[in-house]
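Working notes for the structure below.
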Amino acid sequence: MVGVYVLLTTALVLVLVPLIYILASSFSSPQAVSSGRVFLWPVDPTLRGYEVALSNSAILRGFANSVFYTVAGAAISVTLTVMIAYPLSTPDLWGRKVITKLVVFTMLFAGGIIPTYLVVQALGLLDTRGALLLPQAIGVWQVIIAVAFLRASIPDELLEAAQLDGASDLRILFTVVLPLAKPLIAVIALMYGIAQWNSYFDALLYLRDADLAPLQIVLRNILILNTSGGSTDAAAMMERQQLANLLKYSLIVIATVPLLLVYPFVARYFTKGILVGAVKG
Amino acid sequence: MTPLRPGAVTRAAGTEVRGRSAARRSFRRHWQLYLMLAVPLLWFVVFKYVPMVNAVIAFKQYSVVDGIWGSDWVGLANFQRFFDNPVFGRIVTNTFVLSVYAVLAGFPIPIILALAINEVRLKFFARTVQLVTYAPFFISTVIIVSMTILILSPRIGLLSDVFGFFGMDQPNVLGDPDAFRHVYVWTDVWQTAGYSAVIYLAALAGIDPTLYEAARVDGANRLQKIMAVDLPGIAPTAVVILILGVGNVMSLGFEKAFLLQNPLNLSQSEVIATYTYKVGLINADFSLASAVGLFNSAINLVLLVSVNRVAKRVTGSGLW
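Respectively, the protein sequence lines represent chains A and B. Quick note: the first sequence, position 117, residue 139 per my numbering, numbers continuous. Quick note: the second sequence, position 35, residue 840 per my numbering, numbers continuous.
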């Protein structure tokens, strides 16, 4: 029993220490960060890093773009997912099995990066916001979860009663199914939203225009490629270098906190959603 | 005289009619659903099936002017070019080793974590561990890689503090090609173990309580209970997760490898996906890149199908 507590405490420490280190660094002075003096508590506390981050126009634009992609992307994805999952969860829909197979097959085999790129190009989506919203709009995993949820949690008797009352399929969807499917909608909206917020690969492939870039691309440029921009005035080099280091920590916090704030509220739904998928997947 | 066999004929015709009339009835009854389905199905055709057809450019000498269908067929020449390239052996090995390592390290840890959380009697502690270990799953790949770089950076990072504490100098982890795999895999474990554990916890919660009763009556201790009840209870879930992991072996995430790459570790960090991106979009050799991608997809499919078959034979459960 003691072993179990030791094990779990170790896991807790291993996960928490890097997070606390980043948080502590983000509130420390540029000099302390650059000389590696920060461990788990801020040294010479200051908000300098956040001031710099929040006065950078590229970061703010990236943030605004990402909010748009996340909200619009989740809305489109959830709509399309319900549009395919609701029919596929109807037992007497002719051709249901074949369609399900065709959908699941795309999980096993894909055309690849370049053939997909050619489609996006042919549709004229290159360098438009559509390129980030449409090609990834439907996730097969989410469709599977949605179908399993609708099957399992909407009572057949309810649907039959609605049918006997003469309700059309659309009417049943809006008045019976959707109100009962709120947890499902929350889960898949969250899954799609997080995927959009965190994705950068599509932007790398399809966007050249910096004005359309999502936050993750801006982050990559600053955090990994070290191109924070600005002139290279020798006198200010030292200070700028130190600020650039500090900026990285603050940026990580800024980009992560929105998700971590949402997460405790939806964690319960989220877990349920994964479970439906895992059990029926 | 050979007897007529009208029975067979009519029966076949009968099912034909029945099938067709069932379809017609279904169409009439559910026309709204079919209308609704048309939109997402069109999406699947455009963004999933057309690319599969487009993949024929792997067998062509693609030219922008002539388009996909106007370009000349070159048979397997693009594949030959890939196989003959000195880089071929290296990137296939890198992809394979990295993925197998990720599966082997990533598979048992969430199970151990879930079993441990399940044993804890202090509910508050169990919930805290779960909530905290689950959180990194929400952090983006870009951020994970940035954190990794900052923490491992030789002079100012967290790791150098740890080494300094023991009076040692920290090696330059990011510049060491041999360290790349460990960094890749263990940051992955750090990020996803808590998330995967949730699935196992659910499977554990679903175990029939009478089995625990029986184990207690038989005088099983904690470890025996885990071996006899817990592990068999989560085995089907574990098989599904293992198969999915193996199925992804060759489609190893482009995102993280690409971000962690630097000129120093390229000999171990170049994987099929990053190579495809560079050949296809940076060198604009669409045909070669498609051939590489197709080679990758094909291996992936074969792996998934065979692992599923083995799993079904051994454990009786599989993905399909």
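All C-beta atoms, glycine included, are put in the ideal place defined by N, C-alpha and C. A quick note: this is a predicted structure, and the numbers were derived from the prediction, not measured.
Please name the residue in the options whose C-alpha comes closest to that of residue i.
i	options	result
S904/B	F1063/B, V1051/B, N1070/B	V1051/B
I276/A	P915/B, S876/B, I944/B	I944/B
E179/A	V165/A, V199/A, T138/A	V199/A
N267/A	V39/A, T31/A, L29/A, I44/A	I44/A
A1078/B	F1091/B, D1090/B, V1097/B, S1092/B	V1097/B
T122/A	A75/A, D149/A, Y91/A, Q164/A	Q164/A
A860/B	Q1066/B, I1087/B, F1100/B, M952/B	F1100/B
P959/B	G980/B, F893/B, P941/B, S951/B	G980/B
A1002/B	R829/B, V1112/B, A843/B, I916/B	I916/B
D1013/B	T997/B, I1039/B, W995/B, A998/B	I1039/B
T1/A	N1067/B, F1059/B, L957/B, T938/B	Residue 1/A lies beyond the residue range present for chain A, which begins at 23 and ends at 303; the question has no answer from this structure.
E924/B	A843/B, N977/B, D1035/B, V1022/B	D1035/B
F49/A	G58/A, W63/A, L38/A	W63/A
A225/A	F127/A, A153/A, K204/A, T128/A	A153/A
A75/A	S111/A, F90/A, Y271/A	Y271/A
M129/A	I166/A, D114/A, S111/A, Q143/A	I166/A
V892/B	L838/B, Y1080/B, I954/B	Y1080/B
Q1073/B	T900/B, D1023/B, S1102/B, R1114/B	T900/B
L936/B	A919/B, A907/B, G999/B, V994/B	G999/B
I210/A	D231/A, R118/A, V162/A	V162/A
A827/B	A80/A, L282/A, G117/A	G117/A
V65/A	S51/A, D231/A, S190/A	S51/A
L30/A	T997/B, L918/B, A1008/B, P856/B	L918/B
P157/A	V879/B, V855/B, F888/B, Q885/B	V855/B
N248/A	G872/B, A1043/B, S951/B, I1104/B	S951/B
From the DSSP secondary-structure annotation, give me the bridge partner or partners of residue i.
i	result
Q866/B	D877/B
Please confirm whether residue i and residue j have their CB atoms less than 7 Å apart.
i	j	result
N1070/B	F985/B	yes
L145/A	I176/A	no
F1091/B	I135/A	no
M841/B	P109/A	yes
N87/A	P236/A	yes
Y222/A	I244/A	no
Q218/A	T68/A	no
R242/A	V1076/B	no
S47/A	V26/A	no
L155/A	A97/A	no
V990/B	A1094/B	no
L140/A	Y228/A	no
S56/A	Q264/A	yes
A1116/B	I1048/B	yes
L206/A	F171/A	yes
V994/B	I914/B	yes
L102/A	A168/A	no
R193/A	S111/A	no
V934/B	L38/A	no
L964/B	L955/B	no
Q866/B	D877/B	yes
S1102/B	A208/A	no
T1120/B	V1044/B	yes
Specify the secondary structure class of residue i as computed by DSSP and reduced to three states.
i	result
N243/A	helix
F131/A	coil
A818/B	Reliability of the predicted coordinates at A818/B is poor, the pLDDT of 40 falling under 50, and the value obtained from them is presented with this limitation in mind. Three-state DSSP puts A818/B in a helix.
P845/B	helix
W163/A	helix
F901/B	helix
S99/A	helix
G812/B	Caution is warranted here: a pLDDT of 40 is assigned to G812/B, below 50, making its placement in the model unreliable, and the coordinate value is therefore given only provisionally. Three-state result, G812/B: helix.
G872/B	helix
M23/A	coil
V861/B	helix
G1121/B	coil
P40/A	helix
F832/B	helix
Q17/A	Shown here, chain A extends from 23 to 303; a query on residue 17/A therefore has no answer.
For a contact defined as C-beta to C-beta under 7 Å, what are the partners of residue i on chain C?
i	result
H835/B	Although the question refers to chain C, the structure presented lacks it and instead comprises the protein chains A and B.
Would the beta-carbon of residue i be found less than 6 Å away from any heavy atom of the ligand SAM?
i	result
N78/A	Looking for the ligand SAM in the displayed structure turns up nothing, as the structure carries no ligands at all.
If you scan the region 183–219 of chain A from start to end, which runs of the alpha helix (DSSP H) of 4 or more residues do you find wholly inside it?
191–194
Starting from the N-terminal side, write out each stretch of the beta strand (DSSP E) that is 3 residues or longer and does not extend beyond the region 914–1000 of chain B. none
Problem set entry | Runs of alpha helix (DSSP H) lying entirely within the region 1024–1081 of chain B, each at least 4 residues, in chain order | 1027–1030, 1036–1052, 1059–1065, 1071–1074
* Complete runs of the alpha helix (DSSP H) confined to the region 45–125 of chain A [at least 4 residues] -> Taking only runs of at least 4 residues, the alpha helix (DSSP H) segments lying wholly in the region 45–125 of chain A are 52–56, 70–76, 79–110.
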